[in-house]
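So the structure is just underneath, and the comments pick up after that.
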Amino acid sequence: MDAEITIIGAGVIGLAIAEKASEQFSDVFVTEKYTTFGQETSSRNSEVIHAGIYYPKGSLKAKLCVEGKSLLYDYCREHEIPYKNCGKLIVATSKNEISVIDGIKKTAADNGVDLEVLDRDQIQKLEPEIFAIKALWSPTTGIIDSHSLMKRFEINTINNGGQIAYSTEVTAIKKTDTGYEVTVLDADKRTYSFTTRVVINAAGLFSDKVSEMAGMEDDRLKIHFCKGEYFSINPPKNRLLNRLVYPVPHTNLEGIGIHVTVDMGGGVRLGPDVTYLGSNVLDYRVDAGKQEAFWRSARKFLPFLEPGDISPEMAGIRPKTQKPGEPVRDFYIREESEKGNKGFINLIGMESPGLTSCIAIAKLVISLIRY
Ligand SMILES: Cc1cc2nc3c(=O)[nH]c(=O)nc-3n(C[C@H](O)[C@H](O)[C@H](O)COP(=O)(O)OP(=O)(O)OC[C@H]3O[C@@H](n4cnc5c(N)ncnc54)[C@H](O)[C@@H]3O)c2cc1C
Numbered sequence: 024m025d026a027e028i029t030i031i032g033a034g035v036i037g038l039a040i041a042e043k044a045s046e047q048f049s050d051v052f053v054t055e056k057y058t059t060f061g062q063e064t065s066s067r068n069s070e071v072i073h074a075g076i077y078y079p080k081g082s083l084k085a086k087l088c089v090e091g092k093s094l095l096y097d098y099c100r101e102h103e104i105p106y107k108n109c110g111k112l113i114v115a116t117s118k119n120e121i122s123v124i125d126g127i128k129k130t131a132a133d134n135g136v137d138l139e140v141l142d143r144d145q146i147q148k149l150e151p152e153i154f155a156i157k158a159l160w161s162p163t164t165g166i167i168d169s170h171s172l173m174k175r176f177e178i179n180t181i182n183n184g185g186q187i188a189y190s191t192e193v194t195a196i197k198k199t200d201t202g203y204e205v206t207v208l209d210a211d212k213r214t215y216s217f218t219t220r221v222v223i224n225a226a227g228l229f230s231d232k233v234s235e236m237a238g239m240e241d242d243r244l245k246i247h248f249c250k251g252e253y254f255s256i257n258p259p260k261n262r263l264l265n266r267l268v269y270p271v272p273h274t275n276l277e278g279i280g281i282h283v284t285v286d287m288g289g290g291v292r293l294g295p296d297v298t299y300l301g302s303n304v305l306d307y308r309v310d311a312g313k314q315e316a317f318w319r320s321a322r323k324f325l326p327f328l329e330p331g332d333i334s335p336e337m338a339g340i341r342p343k344t345q346k347p348g349e350p351v352r353d354f355y356i357r358e359e360s361e362k363g364n365k366g367f368i369n370l371i372g373m374e375s376p377g378l379t380s381c382i383a384i385a386k387l388v389i390s391l392i393r394y
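Numbering-wise (my numbering), the sequence shown opens with residue 24 and increments by one.
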């Protein structure tokens with residue numbers, strides 16, 4: 024056996040698993056098709072440490088987010104990863120939104136997340152420039168420098184004796200008597216194969232394709248690319264906000280509405296919106312024509328904002344397993360013995376809160392390893 028454990032994908036989840044696996048197993052091997060880590064979804068997101076507010080009770084998203092947030096804050100402190108426990112406001116701007124706030128408070132409480140109801144004066148003290156008649160305050164929400172987090176996972180994996188092969192794309196997976204034979208294409212377009220006991224599929228937007236390589240066709244696990252675009256608030260108005268500010272969500276949580284996120288560098292952005300792409304192509308363009316629509320959604324709670332105060336910034340793509348209009352699905356994290364693929368662990372549909380949950384996900388995945 025060339026490797027004991029092979030992890031496909033060096034995004035934040037693949038790397039978190041690699042760090043944990045390399046603490047316990049020898050011959051841990053990560054393959055990543057790009058020249059470095061985190062070139063897809065893990066570097067194109069809001070970098071928010073979510074509290075675990077909106078997810079249905081008992082779902083993996085709820086459990087892993089709540090556990091993951093504590094583990095992530097501890098990890099940041101221990102490893103000096105830049106982060107800020109800045110908190111988040113969920114704001115009601117009209118009377119009919121107040122009942123929505125009550126519902127959110129209850130869902131959060133079911134997940135073990137305490138939120139505080141704030142009146143106008145209390146809101147003004149925290150964020151004097153916003154408009155809200157009532158708000159929920161989430162004290163455990165925060166932001167993180169996700170690049171530093173991934174770098175630390177990478178360094179620790181290598182220090183533990185694990186190997187990370189960049190520019191190495193997995194193109195085929197074959198079951199053997201004792202595990203799997205994995206075929207890869209390297210930077211020089213050479214193909215080679217190696218054997219491994221365990222495969223962990225953390226291939227993000229392409230995790231359905233990797234699962235299919237091992238013979239697991241499943242319509243319910245097909246990924247649908249769902250783009251989220253961001254506009255930044257230009258200086259000097261970016262300095263008018265210090266915390267995360269979200270409107271109350273109106274949809275079935277396909278997205279939670281255009282909101283304000285702040286980052287560790289002092290940047291403030293609006294977004295992401297929710298647009299399913301017609302085909303699974305990595306289209307990261309930001310449509311400047313959406314400027315008016317972004318401004319209109321945000322000005323309800325950011326009265327100081329003029330249309331010209333925002334500029335197109337960046338986009339990320341969510342790996343959703345639900346089609347447009349379908350109810351939100353949970354993370355799919357399974358050891359696939361039942362499908363005849365012992366030792367193959369699939370992670371599919373790892374959208375938000377995947378960054379927040381990454382260490383809790385890694386713990387769960389390690390507990391599923393069997394061969
Ligand atoms: C717009 C947006 C906002 C978000 N905001 C937040 C947030 O604020 N907080 C939060 O907790 N979560 C957030 N998320 C979710 C979070 O970003 C993801 O859950 C997380 O980054 C997923 O990490 P990953 O490692 O699974 O995937 P990825 O980062 O996509 O990594 C997968 C890796 O696999 C590699 N790969 C794919 N196929 C192959 C192959 N055949 N061979 C080799 N390598 C391969 C890819 O190159 C890639 O590097 C957001 C997501 C989006 C899109």
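No residue lacks a Cβ here, since even glycine has one placed at the ideal position from N, Cα and C.
Because the structure is a prediction, the values reported are computed rather than measured.
Strand pairing of residue i, partner residues [DSSP]
i: Met337; result: Tyr253
i: Thr206; result: Ala195 and Ser216
i: Gln186; result: Phe52
i: Lys107; result: Ile166
i: Tyr299; result: Cys249
i: Lys343; result: His247
i: Thr29; result: Phe52 and Val222
i: Arg357; result: Asn369
i: Val140; result: Leu159
i: Ile72; result: Gly165
i: Ile153; result: Paired residue(s): none; Ile153 is not in a bridge.
Residue i, enclosing alpha helix (DSSP H) - first and last residue
i: Gly377; result: Gly377 to Leu391
i: Ala41; result: Val35 to Gln47
i: Leu11; result: As displayed, the chain neither begins before 24 nor continues past 394, which places residue 11 out of reach and without an answer.
i: Glu101; result: Leu83 to His102
i: Glu315; result: Gln314 to Arg322
i: Ile127; result: Ile121 to Asp133
Residue i, buried or exposed, once every other Cβ within 10 Å from all chains shown has been counted against 16
i: Phe354; result: buried
i: Phe327; result: exposed
i: Ala1; result: Nothing can be reported for residue 1, as the shown portion of the chain is limited to 24 through 394.
i: Thr284; result: buried
i: Val297; result: buried
i: Lys43; result: buried
Nearest-angstrom Cβ-Cβ length linking residue i and residue j, presumed shorter than 8 Å
i: Ala383; j: Gly91; result: 4 Å
i: Lys157; j: Val140; result: 7 Å
i: Tyr215; j: Val207; result: 6 Å
i: Phe217; j: Asp50; result: Not a contact, Cβ separation roughly 10 Å.
i: Phe324; j: Ile153; result: 5 Å
Element boundaries [beta strand (DSSP E), containing residue i]
i: His282; result: His282 to Val285
i: Glu367; result: Inspection of the sequence shows that residue 367 is occupied by Phe rather than by Glu. First-last of the beta strand (DSSP E) with Phe367: Phe367 to Ile371.
i: Ser161; result: Lys157 to Ser161
i: Gly294; result: Val291 to Gly294
i: Leu149; result: No beta strand (DSSP E) contains Leu149, which is instead part of the alpha helix (DSSP H) from Arg143 to Leu149.
i: Pro270; result: Leu267 to Pro270
Contact between the stretch 173-191 and the stretch 49-63: three or more CB pairs below 8 Å?
In this structure the stretch 173-191 touches the stretch 49-63; the number of beta carbon pairs closer than 8 Å is three or more.
- Taking contact to mean at least 3 C-beta pairs separated by less than 8 Å, is the stretch 91-109 in contact with the stretch 145-157? no
Query - Touch test, the stretch 242-258 against the stretch 294-311, Cβ-Cβ under 8 Å, three pairs minimum - result: yes
Review point. Is it a yes or a no for the stretch 89-105 touching the stretch 192-208, going by three-plus beta-carbon pairs under 8 Å?
Key: No: the two stretches stay apart, fewer than three of their Cβ pairs being nearer than 8 Å.
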